[in-house]
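Trainee: The structure follows.
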Amino acid sequence: MEPVLWLLFSAGGVVSALFLPVLVFLFALAVPLGWIEEPGRDRLLGLLGHPLTALVLLGICVLSLLHWAQRFRYTLFDGLRLKAHERPINVGVYALALLGSAAAAVVLWQAVAARSG
Amino acid sequence: MADTITLEVARYRPDRETEPTVEAFEVPLRRDWAVLDGLNHVKDNLDGSLSYRWSCRMGICGSCGMTVNGEPRLTCATFLVDYAPGPVRVEPLANFPVIRDLVVDIGDFMRKLPEVSPWIVRGEGTSVEEGEYLQTPEQLADYSQFSMCINCMLCYSACPVYGLDPEFVGPAAIALAQRYNLDSRDEGADVRMDLLIHPEGIWGCTFVGECTRACPKGVDPAGAIQRYKLTAALQSLKSFVLPRGPR
Amino acid sequence: MSEPAQQTQRPYRPEISRLWWLRRRSYVFFVLRELSSIFVAWSVVFLLLLVRALAQGEAQFRAFLDWAAGPWVVALDVLTLAFLVLHAVTWFNLTPAATVVKLRGRRVPPRAIAGGAYAAWVAVTALVVVLVVTR
């Protein structure tokens, strides 16, 4: 299991490093604070609800969450010396990551539906 | 330049004390003196009971590793003038049990080292008449960096993962496994993989990178471990897809 | 002679504190790097909240933007961006140590691999900005 989880962690590390800084800068700071002209709901929905964009976003979300799961559990093991509770931590972080992935799929599907409907 | 410098040396005499204390010694400060020369001066002239390991004085034997001002160093290659005006704190290597003064118990590393088969493994050896195993300079370059390891254990002393979990195989042993895995003459990769693919093998490493910074020989154990993770992950993915296929 | 030797075999093992990583600056930096994962997860949550508001309607989208412009959310997102950049920079810097690429039997120099990673970062960033900003 560890090899697969590590590969997903690495893939998530690459994807989150490439995409998340610009996405957070644009959508968490530039747009809400009015640093750039606000694109408007129709245009944003047209962009983010496009099936291809939604698929890419789903990939970014799932891999980033799996990246978090691996790194965070080792932070707990080593940083907080919780190695003794390895099993519940493993179950907990990956359950959260899978739950988040499912939520991402639902939300992105809703955006695709809202755009076409 | 002052002509002496203070060495604050950790002392631990298990017959007398339950935990280490610090003892200060004034030693001559000379341009060509390493920390090890200072310790030798103490032992020869000030306190003959001071215990520490050393041998070659030239960065090859790997036995004089200690913690100098908090950093794992070879004391033969760490010069007193670089710490002037002092004091210089000399402690045993971290992450190892202390036997006496600056001497640590290296038994754990000595047990782990042979487990990774750090020698050339051949399925069927060839006879002397058949000649040498030839190797091109490019093939040599693939592993030569990892062959510089002198087993000084500074990387174990720097590694927080090893400090927290002594079961972790550790930087030097994995780097040495990689030294032979990458050798074109070797056929033992599968044998080593069986040991290192365990959670206490490569997966315990979180790429802190301190081992590489501590290494006095430029071996880069951290890089070796990450590269090995990629190899092992792809390998086990392959054996997952082709369960009974050749490994 | 073996008996006195036995008596003195009492190796000293120091306790490791839960806050061991405060001992050295490089350990603190390592722990900060590892904590970036929390902000990676938060970024995902934030983006999904945005997409959900977009899908729900104009009013929900306005409400989301107002919420996102609040001082606490902005402060959190500034911190998030800082940790994301830390994650990206450390990740790209360590990439050459973990990957060996060979071209025609020769090892690609580590600097070229890191350079390639940074070039990809710039390209992705530019692409996303162009997609979002231009009409």
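Top line first, the protein sequences correspond to chains A, B and C.
For the first sequence, this note's numbering gives the first residue as 6, with consecutive numbering after it.
For the second sequence, this note's numbering gives the first residue as 373, with consecutive numbering after it.
For the third sequence, this note's numbering gives the first residue as 37, with consecutive numbering after it.
Using N, Cα and C, we set each Cβ at its ideal position, and we do this for glycine too.
Everything numeric in this text was worked out from a predicted model, so none of it was measured.
Grouping DSSP H, G and I as helix and E and B as strand, with all else coil, what is A382 of chain B?
Mentor: As a first step, residue 382 of chain B must be located in the second sequence, where it is residue number 10. In this structure, A382 of chain B counts as strand in the three-state DSSP scheme.
Trainee: Pull up the distance between the alpha-carbon of A110 of chain A and that of L63 of chain A, whole angstroms please.
Mentor: Locating residue 110 of chain A in the first sequence gives position 105, where the first residue counts as 1. Locating residue 63 of chain A in the first sequence gives position 58, where the first residue counts as 1. When rounded, the distance between both Cα atoms is 6 Å.
Trainee: Put T450 of chain B into one of helix, strand or coil per three-state DSSP.
Mentor: The sequence position of residue 450 of chain B within the second sequence is 78, counting from 1. It is coil, neither helix nor strand.
Trainee: Is it buried or exposed, W5 of chain C, if we count other Cβ atoms within 10 angstroms and call 16 or more buried?
Mentor: Any property of residue 5 of chain C remains undetermined from this structure, which presents chain C solely from 37 to 171.
Trainee: For the stretch 9-23 of chain A, which residues have a beta carbon sitting closer than 9 Å to at least one beta carbon of chain E?
Mentor: The chain labelled as chain E is not found among the protein chains of the depicted structure, namely A, B and C.
Trainee: With 16 other CB atoms within 10 Å as the buried threshold, where does V381 of chain B fall?
Mentor: Working through the second sequence from its first residue, we reach residue 381 of chain B at position 9. It counts as buried.
Trainee: Within its chain, find whatever has a CB closer than 7 Å to the CB of P538 of chain B; leave out the 5 residues flanking it on each side and keep chain order.
Mentor: Here residue 538 of chain B refers to the residue found at position 166 when the second sequence is read from its first residue. Excluding residues within five positions, the ones whose Cβ falls inside 7 Å are D480.
Trainee: Do you know how far the Cα of L58 of chain C is from the Cα of L418 of chain B?
Mentor: Taking the second sequence and counting its residues from 1, one reaches residue 418 of chain B at position 46. Taking the third sequence and counting its residues from 1, one reaches residue 58 of chain C at position 22. Each residue's alpha carbon lies about 36 Å from the other.
Trainee: Measuring only between beta-carbons, confirm whether D404 of chain B sits less than 8 Å from chain C.
Mentor: In the second sequence, residue 404 of chain B corresponds to position 32, counting from 1. Not one chain C Cβ lies under 8 Å of D404 of chain B.
Trainee: Drop a sphere of 10 angstroms on the beta-carbon of G18 of chain A, count the other beta-carbons inside from all chains shown, and report buried for 16 or more, exposed for fewer.
Mentor: The residue given as residue 18 of chain A occupies position 13 in the first sequence. Buried, because 16 or more other Cβ atoms sit within 10 Å of the Cβ of G18 of chain A.
Trainee: Give the DSSP-derived three-state secondary structure of Y552 of chain B in the structure shown.
Mentor: Stepping through the second sequence from its first residue, residue 552 of chain B is reached at position 180. In the structure shown, Y552 of chain B sits in a helix (DSSP, three-state: H, G or I).
Trainee: Can you look up W56 of chain C in the DSSP assignment and give me helix, strand or coil?
Mentor: Residue mapping note: residue 56 of chain C aligns to position 20 of the third sequence, counting from 1. Here W56 of chain C sits in helix by DSSP.
Trainee: Which residue from B:V476, B:D416, B:V533 puts its Cα closest to that of R86 of chain A?
Mentor: To locate residue 86 of chain A, count along the first sequence from 1; it is residue 81. Checking every option, the nearest Cα to that of R86 of chain A belongs to B:V533.
Trainee: So what does DSSP say about E398 of chain B, is it helix, strand or coil?
Mentor: Numbered from 1 along the second sequence, position 26 holds the residue referred to as residue 398 of chain B. Three-state DSSP puts E398 of chain B in a strand.
Trainee: Kindly indicate which residue of B:E443, B:D514, B:S489, B:E391 has the alpha-carbon position closest to the one of R61 of chain C.
Mentor: Position 25 of the third sequence, counting from 1, holds the residue named residue 61 of chain C. It is B:E443 whose Cα lies nearest to the Cα of R61 of chain C.
Trainee: Within the 8 Å Cβ cut-off, does F128 of chain C reach chain A?
Mentor: Here residue 128 of chain C refers to the residue found at position 92 of the third sequence. Taking Cβ atoms only, chain A reaches closer than 8 Å to F128 of chain C, which makes this a yes.
Trainee: Just curious, the alpha helix (DSSP H) that G152 of chain C is in, first and last residue?
Mentor: Along the third sequence, one-based indexing puts residue 152 of chain C at 116. 146-169 is the span of the alpha helix (DSSP H), which, as asked, contains G152 of chain C.
Trainee: Identify the contact partners of P613 of chain B in chain A, using a Cβ-Cβ distance below 9 Å as the criterion.
Mentor: Residue mapping note: residue 613 of chain B aligns to position 241 of the second sequence, counting from 1. It is worth fixing the name first, because residue 613 of chain B is Val in this sequence and not Pro. Within chain A, no residue comes near V613 of chain B; the closest Cβ sits about 11 Å away, beyond 9 Å.
Trainee: Under the DSSP definition of a beta bridge, which residues are partnered with T376 of chain B?
Mentor: To locate residue 376 of chain B, count along the second sequence from 1; it is residue 4. According to DSSP, T376 of chain B bridges with B:P400.
Trainee: Can you give me the C-alpha to C-alpha distance between P464 of chain B and V440 of chain B, rounded to a whole angstrom?
Mentor: On the second sequence, position 92 is the one that residue 464 of chain B refers to. On the second sequence, position 68 is the one that residue 440 of chain B refers to. If you take the alpha carbons of P464 of chain B and V440 of chain B, they lie about 9 Å apart.
Trainee: Let me confirm a value: P132 of chain C is counted as buried when at least 16 other C-beta atoms fall within 10 Å, else exposed. Which label applies?
Mentor: Position 96 of the third sequence, counting from 1, holds the residue named residue 132 of chain C. So P132 of chain C counts as buried.
Trainee: Here's a check: name, in chain order, each residue in its chain whose Cβ is nearer than 7 Å to the Cβ of D558 of chain B, leaving out the five neighbours to either side.
Mentor: In the second sequence, the residue the question calls residue 558 of chain B occupies position 186. Same-chain partners within the cutoff: I492, V493, Y552.
Trainee: Give the list of continuous alpha helix (DSSP H) stretches no shorter than 4 residues that lie fully inside the stretch 53-121 of chain A.
Mentor: Within the stretch 53-121 of chain A, the complete alpha helix (DSSP H) runs of at least 4 residues are 56-79, 91-121.
Trainee: Please state whether the Cβ-Cβ distance between D83 of chain A and L401 of chain B is less than 8 Å.
Mentor: Numbered from its first residue, the first sequence carries residue 83 of chain A at position 78. Numbered from its first residue, the second sequence carries residue 401 of chain B at position 29. Cβ distance not < 8 Å, so D83 of chain A and L401 of chain B don't count as in contact.
Trainee: For A605 of chain B, which of helix, strand or coil comes out of DSSP?
Mentor: Locating residue 605 of chain B in the second sequence gives position 233, counting from the first residue. Looking at A605 of chain B - three-state DSSP - the assignment turns out to be helix.
Trainee: Give me, in chain order, the residues of the same chain whose beta-carbon lies closer than 8 Å to that of M37 of chain C; leave out the 5 immediate sequence neighbours on both sides.
Mentor: Position 1 of the third sequence, counted from the start, is the residue given in the question as residue 37 of chain C. With a pLDDT of 45 at M37 of chain C, under the threshold of 50, the modelled position of that residue is not reliable, and no figure is offered here.
Trainee: Alpha carbon to alpha carbon, how far is V81 of chain C from P37 of chain A? Give it in angstroms, no decimals.
Mentor: In the first sequence, residue 37 of chain A corresponds to position 32, counting from 1. In the third sequence, residue 81 of chain C corresponds to position 45, counting from 1. Using only the alpha carbons, I get a separation of about 16 Å.
Trainee: Mind listing the chain C neighbours of L52 of chain A? Cutoff is C-beta to C-beta under 9 Å, in chain order.
Mentor: Along the first sequence, one-based indexing puts residue 52 of chain A at 47. Those are L167, V168, listed as they occur along chain C.
Trainee: Return the first residue and the last residue of the alpha helix (DSSP H) that F74 of chain C is part of.
Mentor: On the third sequence, position 38 is the one that residue 74 of chain C refers to. For clarity, residue 74 of chain C is Ile in the given sequence; the question names Phe instead. Note, I74 of chain C: alpha helix (DSSP H), 61-92.
Trainee: Taking 8 Å as the threshold (beta carbon to beta carbon), is D566 of chain B in contact with chain A?
Mentor: Here the question's residue 566 of chain B lines up with position 194 in the second sequence. No - not a single Cβ of chain A is within 8 Å of the one on D566 of chain B.
Trainee: Could you tell me the distance, in whole angstroms, from the CA atom of A59 of chain A to the CA atom of L113 of chain A?
Mentor: The count along the first sequence starts at 1 and reaches residue 59 of chain A at position 54. The count along the first sequence starts at 1 and reaches residue 113 of chain A at position 108. Between A59 of chain A and L113 of chain A, the C-alpha separation is close to 6 Å.
Trainee: Going by the CB atoms, is the gap between A89 of chain C and F75 of chain C shorter than 8 Å?
Mentor: Taking the first residue of the third sequence as 1, we reach residue 75 of chain C at position 39. Taking the first residue of the third sequence as 1, we reach residue 89 of chain C at position 53. Cβ distance not < 8 Å, so F75 of chain C and A89 of chain C don't count as in contact.
Trainee: In chain A, which residues lie less than 8 Å from A604 of chain B when you measure between Cβ atoms?
Mentor: Start at 1 with the first residue of the second sequence, and residue 604 of chain B comes out as number 232. P8, listed in chain order.
Trainee: Determine whether the Cβ of R619 of chain B lies closer than 8 Å to any Cβ atom of chain C.
Mentor: Position 247 of the second sequence, counted from the first residue, corresponds to residue 619 of chain B. The pLDDT assigned to R619 of chain B is 43, lower than 50, so where the model puts this residue is not dependable, and the model offers no usable value.
Trainee: Whose CA, out of A:T80, A:S121, A:L68, lies closest to the CA of F14 of chain A?
Mentor: Sequence index remark: in the first sequence, residue 14 of chain A carries index 9 (1-based). It is A:L68 whose Cα lies nearest to the Cα of F14 of chain A.
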